[in-house]
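Start counting at 1 in the sequence shown, then tack on 13, and there's your number in our numbering.
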Amino acid sequence: MKVFGVGLNKTGTTSLAAGLRRLGFRHLFKPLALLKAWREGDAQTVFEAIEAHDSFEDWPFPLMAETLLERYGEQARFVLTERSSPRIWLESLKSHALTTPPEHARRLAYGVEYPHTHEARLMQIYARHSDHVRALFKARAAEDQLLALRWNEPGAWEKLCGFLGREPLGVTPHRNRAEEFEDSPHRAWNEERLARFQADPELDRPAFPAAQIYDTQVFRAPSPKR
């Protein structure tokens, strides 16, 4: 069985990874190389990585839900991690963006460098993604293969374990808390760079329309000036 986390980043995907590892799955951690391969239309590289592991989360898998369902069918399970609201998710994404190193996933994934100057775009992407995934599984009569999960809700860990046919082990996993990144060595660099982008929005012009986020070869624009 393959288990795919198809929630956007900052929805509890790192906690999902910790839980899947605890349950014994051979887990693949979100290498940026796979997101780059997917955006370049190189699906084979992604599929080769999938064959060597059992479970997955973060990029590029949220963008691949339809392809993954078609390819792995009833042999796969999908977990849509979510936050309580688009605004709560956005604030988490904004905080995280100030702690990441220069090479990160946001521009490849969302088409922009910083969410701070693209709030409406990012919240639209979040809301549409949840609707997109749910509609996909409903249309394929595969709703029993999808679990929508919010870690802040009681019994989330037990719900995940039951969905995967495993006995719960330990307490609810919780990783990647915001306070863990307060002392990031990249914060000052990001804050200075964000200030320049806020002063001149053209420096972070979207690389593609938000509606084209699932297109495999949509990424055409080079990264903005640093």
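C-beta: ideal position from N, C-alpha, C; glycine also.
Item, Value
"What residues in its chain sit with their C-beta under 6 angstroms from that of L76, if we drop five residues either side in the sequence?", "Y227"
"Taking H40 as part of the alpha helix (DSSP H), name the residues at either end of that continuous run.", "Note, H40: premise wrong, no alpha helix (DSSP H); beta strand (DSSP E) at H40 to F42."
"Counting Cβ pairs closer than 8 angstroms, one from the segment 21-39 and one from the segment 162-182, do we hit at least three?", "yes"
"Would you give the residue range spanned by the alpha helix (DSSP H) that A30 belongs to?", "T26 to R35"
"Roughly how many whole angstroms lie between the Cα atoms of L216 and R119?", "15 angstroms"
"Does DSSP put G18 in a helix, a strand or coil?", "strand"
"If we cut at 8 angstroms on Cβ distances, does R218 have a partner in chain D?", "Considering every chain present, this structure includes no chain D. It has just one protein chain."
"Using a 10 Å radius around the Cβ and a threshold of 16 neighbouring Cβ atoms, would you call A140 buried or exposed?", "exposed"
"Contact between the segment 107-121 and the segment 195-203: three or more CB pairs below 8 angstroms?", "yes"
"Between P237 and the rest of its own chain, which residues show a CB-CB distance below 7 angstroms, the 5 nearest in sequence each way excluded?", "Annotation note: pLDDT 45 at P237 (below 50); position unreliable, coordinate value reported separately. E126, L216 and D217."
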